[in-house]
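Engineer:
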Amino acid sequence: MSQFLSDGGVVDATFSVESLAPGAFVITFESWSGAAGTRFARNSEYTKGLELLFFRLASLGATISSIELAPANRPERTLLLIEARPFPWKLGTSTDVKQLRVELGRAQTMANSRPGKGNRTKRLRIYSQISGLFDAQSLSEMISVGNGWGLSEPMLDDSDVAGFQPSGEVRVVVEQHAMDAATRHYEQQGWTVDPSVARTESFDLLCTRAREVLHVEAKGTTGNGRQVLLTWREVEHARLFPRVALVVVSGIVVVRESLLAAHGGRVAVFDPWRIEECQLSATQYRCAVPAVT
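Below you can see the structure in the form of structure tokens.
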């Protein structure tokens, strides 16, 4: 089972992905059971998780061909129908995922007529097609971390920027994972790597090999890593030091084990890193306000 990550951390909602054919998948979204806030609660953030699921599928341009009610302890399946929204559903950045979730909840209530069983938080099987995706695990990771997309706005947000993470706990494990990946890369190239400089210097790794000296900046993100967030000191150091490299680890998957843990990711190494070839844009300004009169 996989969980969702959002700006607030891990969402208590679980799902799994199965590949049916190239580009065709079934996503099983688990039901909510138990009273919220108790130790018996399971998937208590069902509503938020379902909206995240549809938003992240929309960011991938998915088509939903059908959705079934699928109780875990019974073999029967019930096809959900929404009169105002016939299948297939072509999702996109303009999809109102909250309204979609509300309509789906009504359909769950209507479909299950057994006394006391007409709630809106049942186990679902969602059949979808996504062009260019052939791997269930890749889709599961994209749904889990959002591929850099947020919940509330269908556009590129800061979680696509390496060096920015939505919560402090997630940021720490992602940054350390990126530093570890960069360290492994350069140690495999025969460099001696000292990560302790990150505590006092404006770069993350000091690498030495014979008479060579290399400074490495490491950035990690759960998103696609198309952009890197840099401090003023990091930019100036990249401009002035003779040899600097940039390592960006994107698509990192963060999971809750005994503690938060980071796994995987795609490593891109820019060595040498020529800062003058990058397009820099200001994300913050320091404002000296006028004196109060």
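The C-terminal residue of the sequence shown carries number 278 in my numbering, and the numbering is unbroken. Here a beta-carbon is modelled for each residue, glycine too, at the ideal position from N, C-alpha and C.
#1: Please name the residue or residues paired with W74 in a DSSP beta bridge.
#2: Taking only three categories from DSSP, how would you classify E261?
#3: Which residues bound the beta strand (DSSP E) around S44?
#4: Would you identify the three-state DSSP class for G175, choosing helix, strand or coil?
#5: Flag this pair as yes or no: are the beta carbons of G283 and A253 separated by less than 8 Å?
#6: How would you label F(-11), buried or exposed, when you count the other beta carbons within 10 angstroms and need 16 or more for buried?
#7: Along the alpha helix (DSSP H) that carries T94, what are the first and last residues, could you check?
#8: How about F10 and S113: do their beta carbons lie closer than 8 Å?
#9: Looking at L245: is its Cβ nearer than 8 Å to the Cβ of V182?
#10: In the DSSP assignment, find the unbroken beta strand (DSSP E) run with A246 in it and report its ends.
#11: If you reduce the DSSP assignment to three classes, tell me which class A6 lands in.
#12: Need the endpoints of the beta strand (DSSP E) that R194 sits in, please.
#13: Looking only at its own chain, which residues have a Cβ that is under 8 Å from the Cβ of E88, when we skip the five neighbours before and after it?
#14: Counting only the same chain and skipping the five closest in sequence on each side, list residues whose C-beta sits under 6 Å from that of Q93.
#15: Going straight from the alpha carbon of S44 to that of L76, what length do you get?
#16: Out of curiosity, what's the CA-to-CA distance linking E172 and V178?
#17: By the 10 Å Cβ neighbour count, where 16 or more other Cβ atoms means buried, how is W217 classified, buried or exposed?
Structural biologist: Answer, in terms of the structure:
#1: Mapped onto the sequence shown, residue 74 falls at position 89. BP columns for W74 point to I49.
#2: Taking the first residue of the sequence shown as 1, we reach residue 261 at position 276. Residue state, collapsed to three classes: helix.
#3: Numbered from its first residue, the sequence shown carries residue 44 at position 59. Here S44 belongs to no beta strand (DSSP E); instead the alpha helix (DSSP H) covers 31 to 44.
#4: For the purposes of this step, residue 175 is identified with residue 190 of the sequence shown, where counting begins at 1. G175 falls in the coil class under three-state DSSP.
#5: There is no way to answer for residue 283, as the model of the chain reaches only from -14 to 278.
#6: Position 4 of the sequence shown, counted from the start, is the residue given in the question as residue -11. Flag for F(-11) reads buried.
#7: Here residue 94 is taken as the residue at index 109 of the sequence shown, counted from 1. Element bounds for T94: 82 to 96.
#8: Working through the sequence shown from its first residue, we reach residue 10 at position 25. Working through the sequence shown from its first residue, we reach residue 113 at position 128. Their beta carbons are under 8 Å apart, which means F10 touches S113 by this criterion.
#9: Translated into positions along the sequence shown, residue 245 becomes position 260. Translated into positions along the sequence shown, residue 182 becomes position 197. The Cβ atoms of L245 and V182 lie no closer than 8 Å to each other.
#10: Start at 1 with the first residue of the sequence shown, and residue 246 comes out as number 261. Where A246 is concerned, the enclosing beta strand (DSSP E) stretches over 245 to 248.
#11: The residue you call residue 6 lines up with position 21 of the sequence shown. A6: strand per DSSP, three-state reduction.
#12: As a first step, residue 194 is located in the sequence shown; it is residue number 209 there, counting from the start. That run of the beta strand (DSSP E) goes 190 to 194.
#13: Residue numbering aside, residue 88 sits at position 103 when the sequence shown is read from its first letter. I67, A69, R70.
#14: Counted from its first residue, the sequence shown places residue 93 at position 108. Cβ neighbours of Q93 beyond the five flanking positions: R105, K107.
#15: On the sequence shown, position 59 is the one that residue 44 refers to. On the sequence shown, position 91 is the one that residue 76 refers to. In a straight line, the C-alpha of S44 is about 8 Å away from that of L76.
#16: Counting from one through the sequence shown, the residue named residue 172 turns up at place 187. Counting from one through the sequence shown, the residue named residue 178 turns up at place 193. Straight-line Cα distance between these residues: approximately 7 Å.
#17: The residue labelled residue 217 in the question sits at position 232 within the sequence shown. Only exposed fits W217, as fewer than 16 other CB atoms lie within 10 angstroms of its CB.
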